[in-house]
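Enquirer: Sharing a structure below in structure tokens format, with a few things to ask.
Chains as they are written, first to last, in the working numbering: chain A, 830 to 1249; chain B, 830 to 1249.
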């Protein structure tokens, strides 16, 4: 099987020289791309439509059709990989008919996402990367483009608990609300939460974990967020539920938190920390947790390092970085946080994202009114790319349980038989 | 708290110059060592006895007394750390009265094992390290000193299943035999073993896992060992149980294995692979497992890299290397073996070793007849050092479950709800 860069260098001189768009070279490249997808999965039924009406079809009943409406869309794809694909999909120069995730599956099958950006493109993005470093000052701006969107927008595709992270499906048949509450309960059980314990939730979002832990496990706790929308929404909800004497959400950076807690949790926030701040984060955790206290990190992760997808980083999560399991457990070890348990919930996130994408499509017209059609397309691509990434690509969801130093009094087994 | 090297450089010029043994300097060093232990745990009751009859006591009822019978024993300890301690304990120049593990606990509390060997000592060990590299040719010699001991010897402290790895205690009250069988069942459940599946057990020891998997799960399988004793014993047992049509043990190196298997397991063998062969091992695993097949690695591990304890490597496990979790999961990731689940069974191994040590003491007189008194002492130190290492030190027991490439059909949850 040819790699994407071989396909490109075979046939497409524009990979490094974008100014020379040559339609016949481009057609060759598209043909090679389609051939590679077919070779990777000969049973896949798919087609590619070209700007001049030509169709390359594999199978009589294509599940997915990729249409290049302009030669530029193909040129951008070949020159800038997923960054070009994403921009042209957003603008509509590139269309996917049928099953978007099936197209992405074939993309993963040929390791399309292995191709890094050419140096010239990296240079172009450099000012953005420098601007997006997650300093205490910049971090709120980095997340503002995402979490600064109105709570109403998120309510159109999240569940009623407003949980924006991987759910936990015990059977796969339950509602998204139930699966999100079960995720919080799954974490509460791993953390052995007990009444009166002090829980810290770093990056607590709209407060779902804290609220469940307060109601069902009787903890007292603090959560932090740097999104004003989340901060206001969460505290309002806490007040309505009469939990303001037990839990509170503060508007502050994790690096500014003080105090000592019995238990620690962070759900779906570590992806915003950034590679260079991973040691800072772990050191902070060890200073906030009581000795022998338990912590749980719930985060998207990779098996090994691979470059950050530039489209997602540029348009969806500025400053974002998907950490890999080796660096997570290494940094925990270096900070005296021995790993007790790791669970990979990859397929749970795929399922969560499928539910979100379905909710999203139901509300697409409303979202187009709130924003515009290109936003609708961009966010659709984001949700489906993530779902496909968990199903077929490089992303996982890790729950990593650890203690602050050794704790010899923990239960012997996962189902909680006590250490006698 | 002073580090051990600070204690040494403060008071003991022999740290780098062993030829000048000065008794008053040595006494100072012992006093500083005792002070450091007391500072690390002021409630600990312990004492040190010196060659001239002096006693340094903390508390009226010492649980453990370290006696230096000669100045040389102290000099060796300070010059060569645990290597010197182990050699002098073996020879009897150094005695521990009372609770040996309590002394080791205090040693861990002052991070005694952080002190690396001086360069001159490393140089002295260099020929040994070079000789002990785990090449296919050398590996059988490396394990011969340990597993070449008579099966009868191991039967004096292991359980009836002859299992020489961490057991799994559901309650902590069960017999060692039951806990070892439960360990195999715990692994079988994680691997989702099904009748007729082909299981490969790399480093199968005396065959315990294969036998249980054949009898209770109906698998067919192969195990390998490079110990002739284990090979003969295991196949004899398989024959007696009438399982020879299902399972077989071969006398061969893991690097020579061929074929394709549905499931893979390796229990307590990875510690013998050696750092430089970890990539070889993982690559071999990925080539022996069917795509999407599950594997489980059960191994002693550390949270992060630290130097190999030279006494254990020299006298107990030549060529041995305790891998760390970051390098294990990194190498799995690099070889397309995504991690699904990690469980740290540290306290189970502490408990297993306590059972072994108790069995061992019951048979100490018999073992002294089989070997000699210094062997009895050496092996006692080994068992107790390991137990203390799991309880208070740097060693963990990791079970790491992985698949060969992505498998989207696995159960959603640990208790096995199927992915619908």
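Glycine residues also receive a C-beta, built at the ideal position from the N, C-alpha and C atoms. Since we're looking at a predicted model, the values are computed, not measured.
If you draw a straight line from the C-alpha of residue 1242 (chain B) to the C-alpha of residue 1170 (chain B), how long is it?
Expert: Locating residue 1242 (chain B) in the second chain gives position 413, where the first residue counts as 1. Locating residue 1170 (chain B) in the second chain gives position 341, where the first residue counts as 1. If I take the Cα positions, the gap works out to 11 Å.
Enquirer: Can you give the beta carbon distance from residue 1106 (chain A) to residue 963 (chain A), rounded, assuming they're within the 8 Å contact cut?
Expert: Taking the first residue of the first chain as 1, we reach residue 1106 (chain A) at position 277. Taking the first residue of the first chain as 1, we reach residue 963 (chain A) at position 134. Indeed they touch by this definition, with Cβ atoms about 6 Å apart.
Enquirer: Along the alpha helix (DSSP H) that carries residue 1120 (chain B), what are the first and last residues, could you check?
Expert: For this step, residue 1120 (chain B) is matched to residue 291 along the second chain. Looking at the DSSP string, residue 1120 (chain B) is not in any alpha helix (DSSP H); the run it does join, the beta strand (DSSP E), is 1118 to 1130.
Enquirer: For chain C, is any of its Cβ atoms less than 7 Å away from the one on residue 1099 (chain B)?
Expert: Within the model displayed, chain C is absent; protein chains A and B are what it includes.
Enquirer: How do the segment 1116 to 1124 of chain B and the segment 1217 to 1235 of chain B stand: do at least 3 beta-carbon pairs fall below 8 Å, yes or no?
Expert: A contact exists between the segment 1116 to 1124 of chain B and the segment 1217 to 1235 of chain B.
Enquirer: Which chain A residues are close to residue 1241 (chain B), counting only those with a beta carbon under 9 Å from its beta carbon?
Expert: Position 412 of the second chain, counted from the start, is the residue given in the question as residue 1241 (chain B). Ordered by position in chain A, the residues that pass the 9 Å Cβ test against residue 1241 (chain B) are 997, 998, 999, 1000, 1001, 1174, 1176, 1177 and 1180.
Enquirer: Can the beta-carbon of residue 1029 (chain B) be found less than 7 Å from the beta-carbon of residue 1090 (chain B)?
Expert: The residue you call residue 1029 (chain B) lines up with position 200 of the second chain. The residue you call residue 1090 (chain B) lines up with position 261 of the second chain. The answer is yes: Cβ separation under 7 Å.
Enquirer: Using beta-carbon positions only, say whether residue 1051 (chain A) and residue 1077 (chain A) come within less than 7 Å of one another.
Expert: Start at 1 with the first residue of the first chain, and residue 1051 (chain A) comes out as number 222. Start at 1 with the first residue of the first chain, and residue 1077 (chain A) comes out as number 248. Result yes, Cβ atoms of residue 1051 (chain A) and residue 1077 (chain A) sit closer than 7 Å.
Enquirer: Would you mind reading off the limits of the beta strand (DSSP E) that contains residue 1251 (chain A)?
Expert: Given that chain A is displayed from residue 830 to residue 1249, the structure contains no residue 1251 (chain A) and the question cannot be resolved.
Enquirer: Hey, out of A:1033, A:1084 and A:1093, whose CA is closest to residue 1023 (chain A)'s CA?
Expert: As a position in the first chain, residue 1023 (chain A) is number 194, starting the count at 1. For the residues A:1033, A:1084 and A:1093, the minimum Cα distance to residue 1023 (chain A) belongs to A:1093.
Enquirer: With burial defined as no fewer than 16 other Cβ atoms inside 10 Å of the residue's Cβ, what is the status of residue 1201 (chain B): buried or exposed?
Expert: As a first step, residue 1201 (chain B) must be located in the second chain, where it is residue number 372. Residue 1201 (chain B) is exposed by the Cβ-count criterion.
Enquirer: Just list the beta strand (DSSP E) runs in the segment 1038 to 1082 of chain A, keeping only unbroken ones of 3 residues or longer that don't cross its boundaries, in chain order.
Expert: If we require 3 residues or more, the beta strand (DSSP E) runs fully inside the segment 1038 to 1082 of chain A come out as 1049 to 1054 and 1076 to 1080.
Enquirer: Here's the rule: buried if 16 or more other CB atoms are within 10 angstroms of the residue's CB, otherwise exposed. What is residue 1210 (chain A)?
Expert: Locating residue 1210 (chain A) in the first chain gives position 381, where the first residue counts as 1. Looking at its Cβ environment, which holds 16 or more other Cβ atoms inside 10 Å, residue 1210 (chain A) is buried.
Enquirer: Strictly below 8 Å CB to CB, what residues from chain B border residue 1021 (chain A)?
Expert: For the purposes of this step, residue 1021 (chain A) is taken as residue 192 along the first chain, with counting starting at 1. Correct list: empty, because the minimum Cβ distance to chain B is about 15 Å.
Enquirer: Within 7 Å (strictly less), CB to CB, does residue 1138 (chain B) reach chain A?
Expert: Position 309 of the second chain holds residue 1138 (chain B). No, no contact with chain A.
Enquirer: Flag residue 1226 (chain A) as yes if its beta-carbon sits less than 7 Å from any beta-carbon of chain B, otherwise no.
Expert: The residue given as residue 1226 (chain A) occupies position 397 in the first chain. Chain B, which has no Cβ nearer than 7 Å to the Cβ of residue 1226 (chain A), makes this no.
Enquirer: Consider the Cβ of residue 1218 (chain B): report whether some Cβ of chain A lies at a distance smaller than 7 Å.
Expert: Translated into the one-based positions of the second chain, residue 1218 (chain B) becomes position 389. False, the Cβ-Cβ gap to chain A never drops below 7 Å.
Enquirer: Report back the beta-carbon spacing between residue 993 (chain B) and residue 1034 (chain B) to the nearest angstrom; my notes put them in contact at under 8 Å.
Expert: Stepping through the second chain from its first residue, residue 993 (chain B) is reached at position 164. Stepping through the second chain from its first residue, residue 1034 (chain B) is reached at position 205. Their Cβ separation, rounded to whole angstroms, is 6 Å, which keeps residue 993 (chain B) and residue 1034 (chain B) in contact under 8 Å.
Enquirer: Buried or exposed: where does residue 1177 (chain B) fall if 16 or more other Cβ atoms within 10 Å of its Cβ makes it buried?
Expert: Locating residue 1177 (chain B) in the second chain gives position 348, counting from the first residue. By the 10 Å Cβ count, residue 1177 (chain B) comes out buried.
Enquirer: So residue 1232 (chain A) is in the beta strand (DSSP E); what residue range does that whole segment cover?
Expert: Reading the first chain from its first residue, position 403 is the one you call residue 1232 (chain A). It spans 1224 to 1232 - the beta strand (DSSP E) in which residue 1232 (chain A) sits, taken as one unbroken run.
Enquirer: DSSP on residue 927 (chain A), reduced to helix/strand/coil?
Expert: Along the first chain, one-based indexing puts residue 927 (chain A) at 98. Residue state, collapsed to three classes: strand.
Enquirer: Measure the C-alpha to C-alpha separation of residue 833 (chain B) and residue 897 (chain B) and round it to an integer number of angstroms.
Expert: By one-based count along the second chain, residue 833 (chain B) stands at place 4. By one-based count along the second chain, residue 897 (chain B) stands at place 68. Because the pLDDT at residue 833 (chain B) is just 43, under 50, the model does not fix this residue reliably, and the value given afterwards should be weighed accordingly. If I take the Cα positions, the gap works out to 18 Å.
Enquirer: For residue 933 (chain B), go through chain A and note every residue whose CB falls closer than 9 Å to its CB, in chain order.
Expert: The residue you call residue 933 (chain B) lines up with position 104 of the second chain. The premise fails here: residue 933 (chain B) is roughly 14 Å from chain A at the closest Cβ pair, so nothing lies under 9 Å.
Enquirer: What's the gap between the Cα of residue 982 (chain B) and the Cα of residue 1154 (chain A)?
Expert: Translated into the one-based positions of the second chain, residue 982 (chain B) becomes position 153. Translated into the one-based positions of the first chain, residue 1154 (chain A) becomes position 325. Cα to Cα, the separation comes out at about 41 Å.
Enquirer: Between the alpha carbons of residue 985 (chain A) and residue 1074 (chain A), how many angstroms are there, rounded?
Expert: For the purposes of this step, residue 985 (chain A) is taken as residue 156 along the first chain, with counting starting at 1. For the purposes of this step, residue 1074 (chain A) is taken as residue 245 along the first chain, with counting starting at 1. Each residue's alpha carbon lies about 30 Å from the other.
Enquirer: With residue 863 (chain A) as the anchor, note down where its alpha helix (DSSP H) starts and where it stops.
Expert: Position 34 of the first chain, counting from 1, holds the residue named residue 863 (chain A). From DSSP, the alpha helix (DSSP H) with residue 863 (chain A) extends over 852 to 869.
Enquirer: Rounded to whole angstroms, how far is the Cβ of residue 1160 (chain B) from the Cβ of residue 1120 (chain B), which I believe are closer than 8 Å?
Expert: Sequence index remark: in the second chain, residue 1160 (chain B) carries index 331 (1-based). Sequence index remark: in the second chain, residue 1120 (chain B) carries index 291 (1-based). About 19 Å separates the two Cβ atoms, so there is no contact after all.
Enquirer: With DSSP as the reference, label residue 1158 (chain B) as helix, strand or coil.
Expert: For the purposes of this step, residue 1158 (chain B) is taken as the residue at position 329 of the second chain. Looking at residue 1158 (chain B) - three-state DSSP - the assignment turns out to be helix.
Enquirer: Spatial neighbours of residue 1249 (chain A) within its chain, please: C-beta separation below 6 Å, excluding the five flanking residues on both sides.
Expert: Sequence index remark: in the first chain, residue 1249 (chain A) carries index 420 (1-based). The predicted model places residue 1249 (chain A) with a pLDDT of 36, which falls under 50 and marks its position as unreliable, so this point remains unresolved.
Enquirer: In angstroms with no decimal places, state the Cα-to-Cα distance between residue 1012 (chain B) and residue 879 (chain A).
Expert: Your numbering for residue 1012 (chain B) matches position 183 in the second chain. Your numbering for residue 879 (chain A) matches position 50 in the first chain. Roughly 59 Å separates the two Cα atoms.
Enquirer: Quick one: which chain A residues come within Cβ less than 8 Å of residue 1162 (chain B)?
Expert: Working through the second chain from its first residue, we reach residue 1162 (chain B) at position 333. Under the 8 Å cutoff, chain A gives 1131, 1132, 1133, 1153, 1154 and 1155.
Enquirer: Who are the Cβ neighbours of residue 883 (chain A) in its own chain at under 8 Å, not counting the five residues just before and after it?
Expert: Translated into the one-based positions of the first chain, residue 883 (chain A) becomes position 54. Once the five neighbours on either side are set aside, the close Cβ partners of residue 883 (chain A) are 856.
Enquirer: Tell me the DSSP bridge mates of residue 1171 (chain A)?
Expert: Taking the first residue of the first chain as position 1, residue 1171 (chain A) is located at position 342. According to DSSP, residue 1171 (chain A) bridges with A:1229 and B:1171.
Enquirer: Please report how far the alpha carbon of residue 905 (chain B) lies from the alpha carbon of residue 921 (chain B), in whole angstroms.
Expert: Sequence index remark: in the second chain, residue 905 (chain B) carries index 76 (1-based). Sequence index remark: in the second chain, residue 921 (chain B) carries index 92 (1-based). When rounded, the distance between both Cα atoms is 13 Å.
Enquirer: Can you give me the C-alpha to C-alpha distance between residue 1138 (chain A) and residue 940 (chain A), rounded to a whole angstrom?
Expert: Position 309 of the first chain, counting from 1, holds the residue named residue 1138 (chain A). Position 111 of the first chain, counting from 1, holds the residue named residue 940 (chain A). Cα to Cα, the separation comes out at about 13 Å.
Enquirer: Any residues in the segment 905 to 932 of chain A with a beta carbon nearer than 8 Å to a beta carbon of chain B? Which ones, in chain order?
Expert: Those residues of the segment 905 to 932 of chain A that come within reach of chain B (Cβ to Cβ, closer than 8 Å) do not exist; the list is empty.
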